[in-house]
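Structure first, commentary second.
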Amino acid sequence: MIFCPLESVGGKISFGKSEHVMAAPIQNYDFPDARFGNTYDVVIFNLPELPPFSLAGAKIYLQLRKRAELNVTAEFSTENGKLEISSQYSFCFPEQVIEITADTYLYDILIIFTDERRETYIGGKWTIHPTITRKRQ
Numbered sequence: 697m698i699f700c701p702l703e704s705v706g707g708k709i710s711f712g713k714s715e716h717v718m719a720a721p722i723q724n725y726d727f728p729d730a731r732f733g734n735t736y737d738v739v740i741f742n743l744p745e746l747p748p749f750s751l752a753g754a755k756i757y758l759q760l761r762k763r764a765e766l767n768v769t770a771e772f773s774t775e776n777g778k779l780e781i782s783s784q785y786s787f788c789f790p791e792q793v794i795e796i797t798a799d800t801y802l803y804d805i806l807i808i809f810t811d812e813r814r815e816t817y818i819g820g821k822w823t824i825h826p827t828i829t830r831k832r833q
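Heads up: the sequence shown runs through residues 697 to 833, numbered per my numbering.
See the structure below:
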């Protein structure tokens with residue numbers, strides 16, 4: 697299990713109705729390398745435990761692309777069950793078998809909160825290595 701804390705830096709966190717919560721600069725987090733066809737461990741992302749960051753009812757998306765302008769190679773989201781909200785202020789990339797073509801990918805994580813705010817707090821790279829032995833079930 698890997699924990700990836702997100703911290704609010706450089707932004708203003710406000711509880712007033714008319715004020716907007718400004719996102720911190722995108723933090724870099726490179727996923728530990730994976731092997732095609734192998735089980736990947738859980739990665740947990742923690743947001744600040746403050747009301748503007750509540751994930752209750754939020755939708756979360758992570759897309760892999762070889763370059764930002766290219767098509768999506770794979771998508772992980774709360775909608776397809778490949779990302780999960782694990783508490784009011786944390787979400788996870790649950791343990792799962794990785795079946796993505798071997799390469800190095802770019803990603804970022806978009807959170808759409810219930811008030812329709814769209815925030816991207818984290819992004820980075822993820823390298824998937826090929827395997828020689830492949831046994832299908």
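Yeah, the Cβ is synthetic: ideal placement off N, Cα and C, and Gly gets one too. What you are looking at is a predicted structure, and each value in this text was computed from that prediction instead of being measured.
Proximity below 8 Å, CB of residue i to CB of residue j
i    : j    : result
K755 : E780 : no
R761 : Y801 : yes
I796 : N734 : no
K778 : F787 : no
Q759 : Y725 : no
Y817 : I805 : yes
Buried or exposed by the 16-neighbour rule on C-beta atoms within 10 Å, applied to residue i
i    : result
P748 : buried
E812 : exposed
E815 : buried
L743 : buried
I828 : exposed
Closer than 8 Å to chain D by CB, residue i
i    : result
L802 : No chain D appears in this structure, which consists of one protein chain only.
Sequence-distant residues of the same chain with beta carbon closer than 6 Å to residue i, five excluded per side
i    : result
F727 : W822
T810 : G753
G820 : N724, Y725 and D726
A730 : Y736, I794 and I824
E745 : Y785
Whole-angstrom C-beta distance between residue j and residue i, which should lie under 8 Å
i    : j    : result
Q784 : S750 : 5 Å
F732 : P826 : 6 Å
Y736 : Q792 : 6 Å
> Counting only runs that start and end within the segment 745-818, where is the beta strand (DSSP E) found for 3 or more residues in a row?
Replying inline: 755-760, 770-773, 780-783, 786-789 and 799-808
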